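All residue numbers for the sequence shown refer to UniProt numbering, where the first residue is 1 and numbers rise by one. Virtual Cβ for every residue (Gly too), placed ideally from N, Cα, C. Just so it is clear, the structure is predicted and the values come from calculations on it, not from any experiment.
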Amino acid sequence: MTTHTRVDIDSTADHTAETVTRLRATFHTGRTKPMAWRKQQLQALRSLLTEQQDILADALHTDLGKSATESYVMEIGFLVREIDHTLRHLDRWLRPRRVSVPLSLVPARAWTVREPLGTVLIISPWNYPLNLALAPLVGALAAGNCVVLKPSEVAPATSAVLAHWLPRVLDPQAVAVVEGGVPETTALLEQRFDHIFYTGNGTVGRIVMAAAARHLTPVTLELGGKSPAVVEPGADLATAARRIAWGKFMNAGQTCVAPDYVLATGQAGDEIEAHLTDAIREMYGTDPARSDDYGRIINERHFDRLTGLLADGRTVVGGDHDRGARYIAPTVLADVDPDSAVMRDEIFGPVLPIIRVPDLDAAIAFIAGRDKPLALYAFTASKRSKRRLIAETSSGGLAFGVPTLQLAVHGLPFGGVGESGMGRYHGSYSLDTFSHTKSVLDKPLKPDTLRVTYPPHTRRKDRI
Ligand code: NAD
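This is how it looks when you write it as structure tokens:
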């Protein structure tokens, strides 16, 4: 048994090393650098998304019970728009940028050029298994890199679809999909890459960063955290509740930017409970188990973790669950102790605690006392509150009036800060992530204006 396992590990490592060596060789030929190659790859990826939409949606349904509409809006459609945005602006993003030179250096010209990094590794998670694998891939290809993509083994149907289709539609000499879990990812992390882009939890983020340090490889870590939704009295709480419920319960709460908990100030705490109950009933009916629009928990391990949190407060709505179906009803908990388990780690499931604080000062102090979240949401009618939240809190992103949609604005960077991650991507920010910005200076040899700076300095007058 031991020998057999050893052989498997060795062959995984050999195969991985071969794949990376092959891609590095491709990169050194210069094949991936021309604009035409980059655009062709993006077009091919776009065609895959539009032509094989049903196969992709089926895989997402198999893995996560996602409805076809949700798969289109949050994964397939999102990616098509990201590709279109990139294709529209790529020429401009890649144009050399002139920089003015100081008078003391004139005559000279200075500019920056973006060059691809080389061969990059993308490791993606299971919760939006298509979006979070392919959105970084769009940036990596647009920047002219070779790419190894490691989809999540926790969403096996989507992983299999990516492994089947990507080498068929993209340049197989430049793009490889490596399927697998911890052993395969560990073998990949032994290799030297020019960038590692990881999306997932902070524990594995630390493993990735430690492995990258051995080769001095830069990393992007797209992690999670507890993203609060501040709700203030005076806001339209019925609409706020609908939007919070929508952002929280899509994909059964398994969304990195979902509101993790409601942080209600003053009287909003009383009112929001009933509004959230109404919103959940409007969207998923009185028995969400029968709604086609409501997803399932990815596996039993997460199901058990989540049901263990249900006793951490008074159940306002929901609480039903069925292990065989991996179903947990959209659940709102009130009277929650801020030190309880449900408030300790990111929930990443359909459980929404309400924490009550007296006012905005207390809300800001509550947020500041915890890890920096990936997103902060606020529902308020007060411009002063908005200004204070912008100035006095830190988070990967901040959105007023709506959760999650900061991701849909292609001009905005997406990424975390502190415990929620490092680095950013989407649109031109993906180009920044997957390129090196090289500085270029061109100073003519004639006239030699630098003569005054050459040594010897003490006898300068004699020389002139
Ligand atoms: P996951 O279990 O799919 O793991 C992510 C990747 O890490 C997978 O490809 C997996 O194979 C690999 N991996 C797992 N264990 C490993 C190990 N020991 N060594 C090397 N690689 C390993 O997904 P997950 O981490 O459960 O994803 C959920 C987390 O990701 C949540 O915290 C969520 O907030 C976060 N997330 C963040 C974003 C974002 O964009 N910032 C998006 C989605 C999810």
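* Assuming Ile76 and Leu56 form a contact by the criterion Cβ under 8 Å, report the distance between their Cβ atoms to the nearest whole angstrom. => As a working note, residue 76 is residue 76 in the sequence shown. As a working note, residue 56 is residue 56 in the sequence shown. Indeed, because the Cβ distance is near 6 Å, the residues count as touching under 8 Å.
* To do: Using three-state DSSP, classify Ile298 as helix, strand or coil.
  => Along the sequence shown, one-based indexing puts residue 298 at 298. Ile298 falls in the coil class under three-state DSSP.
* Going by CA-CA distance only, name the one from Leu216, Thr186, Gly421 that's closest to Leu374. => For the purposes of this step, residue 374 is taken as residue 374 along the sequence shown, with counting starting at 1. The residue with the shortest Cα to Cα distance from Leu374 is Gly421.
* To do: Anything with a beta carbon under 6 Å from a heavy atom of the ligand NAD counts; list them all in chain order.
  => Chain-ordered, the residues whose CB falls short of 6 Å from any heavy atom of the ligand NAD come out as Ile123, Ser124, Pro125, Trp126, Asn127, Leu132, Lys150, Ser152, Glu153, Val154, Gly181, Val182, Thr185, Thr186, Thr199, Gly200, Asn201, Val204, Ile207, Glu222, Leu223, Gly224, Cys256, Glu346, Phe348, Leu374, Gly416, Gly421.
* Pick from Asp236, Thr277, Pro228, Asp287 that is closest to Leu263, judged by C-alpha positions -> Translated into the one-based positions of the sequence shown, residue 263 becomes position 263. Comparing C-alpha distances from Leu263 to each of Asp236, Thr277, Pro228, Asp287 shows the shortest one belongs to Pro228.
* **Assigned exposure category for Asn127 - 16 Cβ within 10 Å defines buried** => By one-based count along the sequence shown, residue 127 stands at place 127. Classified as buried, Asn127 has 16 or more neighbouring CB atoms from the shown chains inside 10 Å of its CB.
* Where do the N-terminal and C-terminal ends of the alpha helix (DSSP H) with Pro403 fall, by residue? -> Position 403 of the sequence shown, counted from the start, is the residue given in the question as residue 403. No residue range can be given for Pro403, since it is assigned to no alpha helix (DSSP H) and is classified by DSSP as neither H nor E.
* Asked: Is residue 475 buried or exposed, if buried means 16 or more other CB atoms sit within 10 Å of its CB?
  -> Nothing about residue 475 can be reported from this structure: the residues present for the chain run from 1 to 464 only.
* To do: Apply the 10 Å Cβ neighbour rule to Glu300 and answer buried if 16 or more other Cβ atoms are within range, or exposed otherwise.
  => Translated into positions along the sequence shown, residue 300 becomes position 300. Its Cβ having fewer than 16 others within 10 Å, Glu300 is exposed.
* In or out: Ser439 buried (at least 16 other Cβ within 10 Å) or exposed? -> Reading the sequence shown from its first residue, position 439 is the one you call residue 439. Ser439 should be labelled exposed.
* Buried or exposed: which applies to Gly200, given that a residue is buried once 16 or more other Cβ atoms fall within 10 Å of its Cβ? -> In the sequence shown, counting from the first residue as 1, residue 200 sits at position 200. Burial call: buried.
* Asked: So what's Val219 in DSSP terms, helix, strand or just coil?
  -> Start at 1 with the first residue of the sequence shown, and residue 219 comes out as number 219. In the structure shown, Val219 adopts extended strand secondary structure according to DSSP, grouped into three states.
* Should Val178 and Ile196 be called a contact, given that it needs their Cβ atoms to be closer than 7 Å? -> By 1-based counting over the sequence shown, the position of residue 178 is 178. By 1-based counting over the sequence shown, the position of residue 196 is 196. For Val178 and Ile196, no; Cβs fall outside 7 Å.
* Asked: Name the DSSP bridge partner or partners of Glu115?
  -> Position 115 of the sequence shown, counting from 1, holds the residue named residue 115. His436, per the DSSP bridge assignment.
* Pro156 versus Asp14: straight-line alpha-carbon distance, rounded -> Mapped onto the sequence shown, residue 156 falls at position 156. Mapped onto the sequence shown, residue 14 falls at position 14. The straight-line gap separating the alpha-carbon atoms of Pro156 and Asp14 is approximately 23 Å.
* Looking at the unbroken alpha helix (DSSP H) that takes in Pro353, where does it start and where does it end? -> Sequence index remark: in the sequence shown, residue 353 carries index 353 (1-based). Not the alpha helix (DSSP H): Pro353 falls in the beta strand (DSSP E), residues 351-357.
* May I have the straight-line CA-CA distance separating Asp287 from Ala334, to the nearest angstrom? => Within the sequence shown, residue 287 is the residue found at index 287, counting from 1. Within the sequence shown, residue 334 is the residue found at index 334, counting from 1. About 21 Å.
* **Assigned secondary structure, Tyr327 (DSSP; H/G/I helix, E/B strand, else coil)** => Here residue 327 refers to the residue found at position 327 when the sequence shown is read from its first residue. Annotated three-state conformation of Tyr327 is strand, per DSSP.
* With a threshold of 16 other CB atoms inside 10 Å of the CB of Val316, please say whether the residue is buried or exposed. => Taking the first residue of the sequence shown as position 1, residue 316 is located at position 316. When all chains shown are included, Val316 counts as buried.
* Asked: According to the neighbour-count rule (16 or more other Cβ atoms, all chains shown, within 10 Å of its Cβ), is Phe454 buried or exposed?
  -> Counted from its first residue, the sequence shown places residue 454 at position 454. For clarity, residue 454 is Tyr in the given sequence; the question names Phe instead. Exposed, by the Cβ-count rule.
* Ala135 versus Ile123 - alpha carbon distance -> Working through the sequence shown from its first residue, we reach residue 135 at position 135. Working through the sequence shown from its first residue, we reach residue 123 at position 123. One C-alpha to the other measures close to 12 Å.
* **Inter-residue spacing [alpha-carbon to alpha-carbon] between Pro456 and Glu82** => Stepping through the sequence shown from its first residue, residue 456 is reached at position 456. Stepping through the sequence shown from its first residue, residue 82 is reached at position 82. Here the alpha carbon of Pro456 sits roughly 58 Å from the alpha carbon of Glu82.
* Asked: CB Pro183 to CB Ser152, shorter than 7 Å?
  -> Locating residue 183 in the sequence shown gives position 183, where the first residue counts as 1. Locating residue 152 in the sequence shown gives position 152, where the first residue counts as 1. For Pro183 and Ser152, no; Cβs fall outside 7 Å.
* To do: Please determine, among Arg305, Glu346, Tyr261, the residue with the shortest C-alpha to C-alpha distance to Tyr377.
  => As a first step, residue 377 is located in the sequence shown; it is residue number 377 there, counting from the start. Cα-wise, what sits closest to Tyr377 is Tyr261.
* CB contact flag (Glu392, Ile355, <7 Å) -> Within the sequence shown, residue 392 is the residue found at index 392, counting from 1. Within the sequence shown, residue 355 is the residue found at index 355, counting from 1. Taking a C-beta distance under 7 Å as the contact criterion, Glu392 and Ile355 do not qualify as a contact pair.
* Return the residue from the list Val219, Leu405, Arg214 that minimises the CA-CA distance to Pro259. => On the sequence shown, position 259 is the one that residue 259 refers to. It is Leu405.
* The alpha helix (DSSP H) spanning Tyr284 covers which residue range? -> Position 284 of the sequence shown, counting from 1, holds the residue named residue 284. Its alpha helix (DSSP H) spans residues 268-284.
* What span of residues does the alpha helix (DSSP H) with Phe78 cover, start to end? -> Numbered from its first residue, the sequence shown carries residue 78 at position 78. From DSSP, the alpha helix (DSSP H) with Phe78 extends over 77-94.
* Asked: Mind checking Ser67: buried by the 16 CB within 10 Å criterion, or exposed?
  -> Taking the first residue of the sequence shown as position 1, residue 67 is located at position 67. It counts as buried.
* Within 10 angstroms of its Cβ, does Gln267 collect 16 or more other Cβ (buried), or is it exposed? -> The count along the sequence shown starts at 1 and reaches residue 267 at position 267. Exposed.
* **Phe379 - containing beta strand (DSSP E), residue span** => The residue labelled residue 379 in the question sits at position 379 within the sequence shown. First-last of the beta strand (DSSP E) with Phe379: 375-379.
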